[in-house]
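Visitor:
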Amino acid sequence: MLSFQFLLDYSEDIQGEILFVLYKLFLLNVSQDGDYPPSLFGHFSKLLHLALEVLMKAQSDVVRLNCIAFLTVMIQRGFFQTASMTEATSWSSYDVDHLMETNEQISDGPLVILFAEAVKGPLLSSDNQVQIATLDLLYLYLTGKDVLENEIQVFVEENIADYAFEVLRLSGCKDPTIKSCIQLLDLLATAEQAFRQRLRIGFMALIPVLHHVAEIPFHPVQTETLRLIWNSIENCPGVVSKSHVEEISLSLTGMLKKNLDGEIGMLPETFTLACSILVALMKSSSSYEISSFLLSIQEASRNCILTCLINYRKYPGQFCNSLHLLKEAYAYSCGMNPTSSINTELRRSIIDVCKTHILPWFMRSLHEIEDEDIAVAILENFYSILLQESDIETKIFANVLFTSSWFSFAYGCLGFLPSEKMKMKVYLIFSVMTDIILGDDSGRSIRDAAPYLPSDPVDLLLLLGHKSSQNLELSSWQLAVLLLLYISSLYDDRLADDKLVLASLEQYILLNSSENTHGASVLGIFINLYALYRGLAKVSYQIPYSPEAEKIVFHLLSEKDWDLLSTRIHVTALKWLFQQEKICNVLSAQMLKFCRSNFSEVTQINIHGEANQKIDVYVVAELVASADNFLAMLMVFLLGEIEEQYSEYDIVSLVNTIIHIIEISPSASDQFCMHGIAGAIKNLYYKFGHSSSPDTFMATSELVFCIFQAVHSESLSDDEPWVAIVIIDYLIPSVAADGWAPATLISLGILSMVLHHSANQVMVEASKTILLSTPLLSLVNTTIANACSKVPSLVDQDKGMRSGEVLVFVLSLLFFSLKSLHVVLPGIMDCQYLLDPTSIPQPWPHISIHCHDLCKLLHFGSIPIKLLSSQYLLELFSRIEDERSRKPDTLKFRTHYLSSVMAVLEGQIFSSDITVAMNCSLCLSIIIRWQDAEMEVSAIQRSNWSRFIVEELVMSLAAPSLASKVFMLHYKPTVHIAVALLRRKEIPQWMASIFDESCISAITRNITNCNLSAELVLLLRELLKHGFLNDEQIAALNKVFQECKKCIYTDKLQHYGAEEKTLNVAAASDYLGKVCQFLIRLMTTQPSNSVESIRSESGKRELLEEIDLFSKCLMRDD
């Protein structure tokens, strides 16, 4: 042992050799059962002191490594711990001074302090192997089972943590060094107070380490690194800068994303620490207004939730951490600058996670949840979201809860997890949902009563079965119960059986009806509930009710200040109320208030709908149209009850509301008519004439037109009131005094609608009054004469002028007069006189227009005037055609007169408006048939114009541009001219030269199933009849026809469909312009009485019919 006394005197090389020998000796001479070598017993402490002294003074890395190896074996064999424990009671019996008498004095301090001093030099070594060995030596010692907590603190106070952070900083993120440093620092961190200051200084060295370990799956010190970072953020305020926040959050977000995608895995503790670090960062002041951090939080919170939902059965404990992160993220977004776009987007994302992922999972997996804390955490998240009730996204989330039967589900949660904490969370959510839907802190009563309310909804109903006059606390509980029933019922969420709820409501009103405890809001809630469950009882036909309770409810409605407009109401409840004849007076007053609010564009009755929006008049329109309630009768009653107490504002608002209802639901007009609205309108006209109340008169006229526009003719059975409404006596003097004002034009439109409906054998007397009115006839003739006198400048005058609208209304009156005459006054119309007034004397006077005036308007008028004029001509020619078919010899035509008409019609064949062109071509076709019947040489047969038309048609059909949209629209009118010529008894000779074989072959080659039309098939059918098609052409056409039929049956043919026409009739955005457009549309969609070739639109049905006719014609030829 004397060699050890002089160990410190030897050179470093000798010291290294001696230490290596000691290392081998202790490594090899310890028996397997752990007994010490007898020759070395009792010298461990001296050897350790000497070895540590050598390590402290050594400059050679070889000596350091041998010394560290020796110390490592000593620690592994427990000698170091034994010596340290022995030293704690007394110093070794050996004389240290004697051992070191020729050397420097060995430190007199405790062994642990000497150990701490000794390792500082090796930790600063340039040899990474020495550093790692030293770090591992420290870790090996500190992880020993006999190490005391104060020993770890000694190492921290001796600055070992600072040395470790420095090694970590200079390591370049090399794995062996990172592992050794981080695991040592994690151990030193257990000395919390002493380590905290060192951690503040060394924190920056952890950031690059985090980036490194985050990229490696299950890195050995991944968890320890995150724990150190969390410790830094949590316990060292201000240590994290804005750049640190960005770096840490990006690394953690990347880890969580890769974990979700399955690229890397994470230990449960690592996952928990990642969530905790993000929460700690959100609480740090350095994280405010960092957009990238908000984006990281948004992604990380979503990824955490999705990961937990996927792995719930494997790691259920992680869910609480994710939910806590989500809750803190939402609170963070509502903190500083909550209205910023990035914070709003974060809230929107969190709400989306809740409604898209958490809520469905929660409702689906409730019975799999064993930990109540998870359910509570979910409810806390929902509650924190709902507290921000002014946020649009929050209201959307609340609506998702409502429409997911949240109330019944929440009570199911209470049945499965029946704790007081769960109950309070559930009722708090109920209260804030009530605040959202009703506003004004309406859910306070639920919040206040929550501790006393039962968890079972059936027990809730029992609270309603008590008299609460002497118990204000019970009264507040009953209000909470009513609110819960009311809010849940708005979304068809039933908390109990309908029969049981109705019985409880009846018991409540029977016991408490005499008490003055029913405020307006409470009464409204109760009435809505009672009406709903009575309505449901009526549907089921099996739920009994109490007549006495009903009587009390009706009495309360008439006596109390009940306001139907103040609360939301289920549509079933609303319908039941309007089915009760006993409360019609009360409901009529409510409807008048409704009309006032509707007219002033204020929110009206809040009706429960699919999205629980404030639907206002739409559900009222649905109720009127349903015909199973008294609502239509009530509104007609209000309209007819015009007394002095009603202001003009009330009348106009009521009229406008009825108009709005009809516009929403046209079938409502039938209900109004069946309940006698004609009589009410007649009274309005008589009591509020145009001179005394222009606004009321105009509103009433609009209502009449709206009714005629929507009503089915069979609903207009009562003729007497409508005769009185035909306001010709007002119309004539008003036009004479003020010209054509909007009110007079609307009146003219009403007359047109009366005539339109008279074609269905209704309002016959009213129509006779119109048709035979001499003043009206004079007014119409004067208007037409004035218009015709202004040609050829008629187009310029019509554009943007009132005269254009006047002509539209007058022509519509003339058109519907023509349609009505043969029904209302059969035999009075003389077609010969209308077509050629110079050939016969004037018949009985009635509203009509001569053909030559129509031709002037057709030639010189604007597009709307051309359209109506051509439509009238087509209708007139169709009537003449019918009469000729019955009496062939009664009508005679002057060739010169017809030639002038034909010239006008030919000029419109290529009109820019396809309907005008089609009408004119059909009129020409009819004239050709008349001339053919008279055996005359047709003017059109001699005309170069007719040949030009046919040649243009053939060139278009044979040209490659066949499939263009413009061609598809504008070749169709000319087809009818060609067909009419082919149907003559003597076909013009030039037709054969135009439709030669090469031309028809070119046409058939260009025809495809995409550009085929009914008109084109009609032309081909006529060519087939007259032998113009050969077998090859017929075969090609049949192939195209088959493809076309297949496409139609599989709904793949897209080139058909009526194009929406927009006519420039004055200002089409105003009411008068809309009426003009409606009248034009009504005229142009009227069925005509012409022959098979006349069609207003070539659609799929017409195309199929023409293909079938072509096939039949082919079979007859065969």
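Counting the sequence shown from 1 gives a position; my numbering is that position plus 554. Virtual Cβ for every residue (Gly too), placed ideally from N, Cα, C.
#1: Nearer than 7 Å: is that true of the beta carbon of A1234 relative to any heavy atom of the ligand MN?
#2: Is it buried or exposed for S1271, if we count other Cβ within 10 angstroms and need 16 for buried?
#3: Please state the DSSP three-state secondary structure of I1419.
#4: The alpha helix (DSSP H) with C1342 in it runs from where to where?
#5: So what does DSSP say about R1122, is it helix, strand or coil?
#6: Which residues bound the alpha helix (DSSP H) around C790?
#7: Using 8 Å as the threshold, is the C-beta distance between Q1144 and V1178 below it?
#8: Just to confirm the assignment, what range does the alpha helix (DSSP H) spanning E1227 have?
#9: Going by the CB atoms, is the gap between F825 and Q872 shorter than 8 Å?
#10: Can you tell me the Cβ-Cβ gap for L1379 and L1325, rounded? I've got them flagged as a contact below 8 Å.
#11: Starting from C1564 and walking both ways along the alpha helix (DSSP H), at which residues does that stretch end?
#12: Using CA atoms only, rank isn't needed, just tell me which of E817, G816, L827 and L1421 is closest to S803.
#13: Please return the same chain residues whose Cβ sits closer than 6 Å to the Cβ of E1460, not counting the five positions on each side in sequence.
#14: Measure the alpha-carbon distance for R902 versus K812 and round it to whole angstroms.
#15: Given that a residue counts as buried once 16 or more other Cβ atoms are within 10 Å of its Cβ, and exposed if not, what is R867?
#16: From V1258, K733 and C967, pick the residue whose C-alpha is nearest to that of F719; which is it?
#17: Using beta-carbon positions only, say whether C967 and A929 come within less than 8 Å of one another.
#18: What is the DSSP secondary structure of M1252, counted as helix, strand or coil?
#19: With C621 as the anchor, note down where its alpha helix (DSSP H) starts and where it stops.
#20: Kindly indicate which residue of E1319, L1365, V1318 and V1316 has the alpha-carbon position closest to the one of A1339.
#21: What is the DSSP secondary structure of A1556, reduced to helix, strand or coil?
#22: Would you check if the distance between the CB atom of T688 and the CB atom of L677 is smaller than 8 Å?
#23: Cβ atoms of F1108 and L1036: under 8 Å apart, would you say?
#24: May I have the straight-line CA-CA distance separating A743 from L724, to the nearest angstrom?
#25: Buried or exposed for M890, going by 16 or more other Cβ atoms inside 10 Å?
#26: For A1234, I'd like the list of residues in its chain whose CB is within less than 7 Å of its CB, leaving aside the five on either flank, ordered along the chain.
#27: For N1139, count the other beta carbons within 10 Å of its own beta carbon; 16 or more makes it buried, fewer makes it exposed. Which is it?
#28: Please list, in chain order, all residues of the same chain as Y842 whose beta carbon is under 6 Å from its beta carbon, the five residues on each side excluded.
#29: Let's test the definition: count the other Cβ atoms within 10 Å of the Cβ of A1546 and tell me whether it reaches 16, buried, or not, exposed.
#30: What number of angstroms, rounded off, separates the C-alpha of P1011 from the C-alpha of A1050?
#31: What first and last residue would you give for the alpha helix (DSSP H) that runs through W1544?
#32: Could you spell out the range, first to last residue, of the alpha helix (DSSP H) harbouring Q1133?
#33: Can you give the beta carbon distance from I761 to H798, rounded, assuming they're within the 8 Å contact cut?
#34: Just the C-alpha distance for Y1040 and D1046, rounded to the nearest angstrom, thanks.
#35: Just list the beta strand (DSSP E) runs in the stretch 825-889, keeping only unbroken ones of 3 residues or longer that don't cross its boundaries, in chain order.
#36: Any C-beta of chain D sitting closer than 8 Å to the C-beta of W1130?
Guide: Here's the rundown:
#1: This structure simply doesn't include the ligand MN, nor any ligand for that matter.
#2: Indexing the sequence shown from 1 puts residue 1271 at position 717. Result: exposed.
#3: Indexing the sequence shown from 1 puts residue 1419 at position 865. It is helical.
#4: By 1-based counting over the sequence shown, the position of residue 1342 is 788. Counting along the chain, the alpha helix (DSSP H) containing C1342 begins and ends at T1328 to S1343.
#5: Translated into positions along the sequence shown, residue 1122 becomes position 568. Residue state, collapsed to three classes: strand.
#6: As a position in the sequence shown, residue 790 is number 236, starting the count at 1. That residue, C790, is in no alpha helix (DSSP H); it is neither H nor E in DSSP.
#7: On the sequence shown, residue 1144 is found 590 positions in, with the first residue counted as 1. On the sequence shown, residue 1178 is found 624 positions in, with the first residue counted as 1. Going by C-beta atoms, Q1144 is not nearer than 8 Å to V1178.
#8: Against the sequence shown, residue 1227 aligns to sequence position 673. In the sequence under discussion, the amino acid at residue 1227 is Cys, which differs from the Glu named in the question. From DSSP, the alpha helix (DSSP H) with C1227 extends over A1222 to M1228.
#9: As a working note, residue 872 is residue 318 in the sequence shown. As a working note, residue 825 is residue 271 in the sequence shown. Cβ distance < 8 Å, so Q872 and F825 count as in contact.
#10: Mapped onto the sequence shown, residue 1379 falls at position 825. Mapped onto the sequence shown, residue 1325 falls at position 771. At roughly 6 Å, the Cβ-Cβ gap stays under 8 Å, so L1379 and L1325 are in contact.
#11: By 1-based counting over the sequence shown, the position of residue 1564 is 1010. First-last for C1564: undefined, no H or E at that position.
#12: Counting from 1 along the sequence shown, the entry for residue 803 is found at position 249. If we check each option's Cα against that of S803, L827 comes out closest.
#13: Looking up residue 1460 in the sequence shown gives position 906. Excluding residues within five positions, the ones whose Cβ falls inside 6 Å are W1499.
#14: Residue 902 sits at position 348 when you count from the first residue of the sequence shown. Residue 812 sits at position 258 when you count from the first residue of the sequence shown. Their backbone Cα atoms lie some 23 Å apart in a straight line.
#15: In the sequence shown, counting from the first residue as 1, residue 867 sits at position 313. Exposed.
#16: The sequence position of residue 719 within the sequence shown is 165, counting from 1. Of the listed residues, the one whose Cα sits closest to F719 is K733.
#17: For the purposes of this step, residue 967 is identified with residue 413 of the sequence shown, where counting begins at 1. For the purposes of this step, residue 929 is identified with residue 375 of the sequence shown, where counting begins at 1. Taking 8 Å as the Cβ cut-off, C967 and A929 qualify as a contacting pair.
#18: On the sequence shown, residue 1252 is found 698 positions in, with the first residue counted as 1. If DSSP states are grouped into helix, strand and coil, M1252 belongs with the helices.
#19: Mapped onto the sequence shown, residue 621 falls at position 67. It spans D615 to Q630 - the alpha helix (DSSP H) in which C621 sits, taken as one unbroken run.
#20: In the sequence shown, the residue the question calls residue 1339 occupies position 785. Looking at the Cα atoms, L1365 is the closest of the given residues.
#21: On the sequence shown, position 1002 is the one that residue 1556 refers to. Three-state DSSP puts A1556 in a helix.
#22: The residue labelled residue 688 in the question sits at position 134 within the sequence shown. The residue labelled residue 677 in the question sits at position 123 within the sequence shown. Yes, these two residues count as a Cβ contact at 8 Å.
#23: If you number the sequence shown from 1, residue 1036 lands on position 482. If you number the sequence shown from 1, residue 1108 lands on position 554. No, they are not a contact pair.
#24: For the purposes of this step, residue 743 is taken as residue 189 along the sequence shown, with counting starting at 1. For the purposes of this step, residue 724 is taken as residue 170 along the sequence shown, with counting starting at 1. Roughly 21 Å separates the two Cα atoms.
#25: Position 336 of the sequence shown, counting from 1, holds the residue named residue 890. Under this definition M890 is an exposed residue.
#26: The residue labelled residue 1234 in the question sits at position 680 within the sequence shown. Correct list, in chain order: V1190, L1193 and G1194.
#27: By one-based count along the sequence shown, residue 1139 stands at place 585. Classification for N1139: exposed.
#28: Residue 842 sits at position 288 when you count from the first residue of the sequence shown. Counting only Cβ-Cβ distances below 6 Å, and skipping sequence neighbours, we find M890.
#29: The residue you call residue 1546 lines up with position 992 of the sequence shown. Its Cβ having fewer than 16 others within 10 Å, A1546 is exposed.
#30: Taking the sequence shown and counting its residues from 1, one reaches residue 1011 at position 457. Taking the sequence shown and counting its residues from 1, one reaches residue 1050 at position 496. So the alpha carbons of these two residues sit roughly 7 Å apart.
#31: On the sequence shown, residue 1544 is found 990 positions in, with the first residue counted as 1. First-last of the alpha helix (DSSP H) with W1544: Q1543 to I1548.
#32: Residue numbering aside, residue 1133 sits at position 579 when the sequence shown is read from its first letter. Per DSSP, Q1133 belongs to no alpha helix (DSSP H) and is neither H nor E.
#33: Here residue 761 corresponds to residue number 207 of the sequence shown, with the count starting at 1. Here residue 798 corresponds to residue number 244 of the sequence shown, with the count starting at 1. With 8 Å as the limit, I761 and H798 qualify as a contact, their Cβ atoms being about 6 Å apart.
#34: By one-based count along the sequence shown, residue 1040 stands at place 486. By one-based count along the sequence shown, residue 1046 stands at place 492. Roughly 10 Å between the two C-alpha positions.
#35: none
#36: Looking for chain D here will not work: only one protein chain is present.
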